[in-house]
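Q:
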Amino acid sequence: MYKRIVVKIGTNLLADKVKGINTARVLEIAKVLSALEKSGKDICLVTSGAIGAGVAALGLKEKPKTIPEKQATASIGQPLLMEAYEHAFRKHGVVIGQILLTKDDFTDRKRYLNAKNTFDVLIKKRVIPIINENDTVAVDEIKVGDNDNISAMVAHLTGADLL
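Pasting the structure below:
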């Protein structure tokens, strides 16, 4: 049976054109993952949606085109995204932690080990890590790519049984 599970949630699942974040969907995700966590599973959640949440917060009609605009928009949306997750998981008595990663966290040995240690401690303390790429500092040359890649790398880093 699977013990450690990495779950990936994409922007399309979380998007709400008016509010930026579909809070009803976040509540449902938290309900399901909290039940899994309480049944003894180790859960890691890889999420997208920071830029989308930032777009809505700024009242933009479309997603930014330039890297600096995307980075700034992500910096606005990321705390809103985490606030939605924190509120949803708190309803189930589950604590979450935020981990923002870049390609360097997987390719630099020291950073890799630091990330691994952080995951290990959070999981041991029954905290659900919520992971996203650190869009505010990642640029095209150093971006891991979409969160499908991050999910696979997190699964490897944490020794997950299921992605």
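Under the numbering used here, the first residue of the sequence shown is numbered -7, with each subsequent residue one higher. The C-beta atom is built at its ideal place from N, Cα and C for all residues, glycine as well.
(1) Among the residues of its own chain, which have a CB less than 7 Å from the CB of I88, if the five just before and after it don't count?
(2) Taking C-alpha atoms, which residue in Y(-6), K(-5), R17 lies nearest to N4?
(3) Quick check on the burial criterion: 16 or more other C-beta atoms within 10 angstroms. Buried or exposed for I134?
(4) Starting from K34, follow the beta strand (DSSP E) in both directions and report where the run begins and ends.
(5) Buried or exposed: which applies to G54, given that a residue is buried once 16 or more other Cβ atoms fall within 10 Å of its Cβ?
(6) Rounding to the nearest angstrom, what Cα-Cα distance links P60 and V131 in this structure?
(7) With distance defined between alpha-carbon atoms, name the residue in K62, I142, L37 nearest to I(-3).
(8) Taking the DSSP output, what are the residues bridged to E125?
(9) Suppose you measure from the CA of K116 to the CA of I35; what does that come to, to the nearest Å?
A: Based on what the coordinates show:
(1) Y77, E78, F81, V119, I120, I122
(2) R17
(3) Low confidence applies to I134: its pLDDT is 47, below 50, so where it sits in the model is not reliable enough to give any reading.
(4) According to the sequence provided, residue 34 is Asp. The question's Lys does not apply to it. Here the beta strand (DSSP E) through D34 covers 34 to 39.
(5) According to the sequence provided, residue 54 is Glu. The question's Gly does not apply to it. E54 comes out exposed.
(6) 9 Å
(7) The residue with the shortest Cα to Cα distance from I(-3) is L37.
(8) L93.
(9) K116 and I35 have their C-alpha atoms spaced approximately 11 Å apart.
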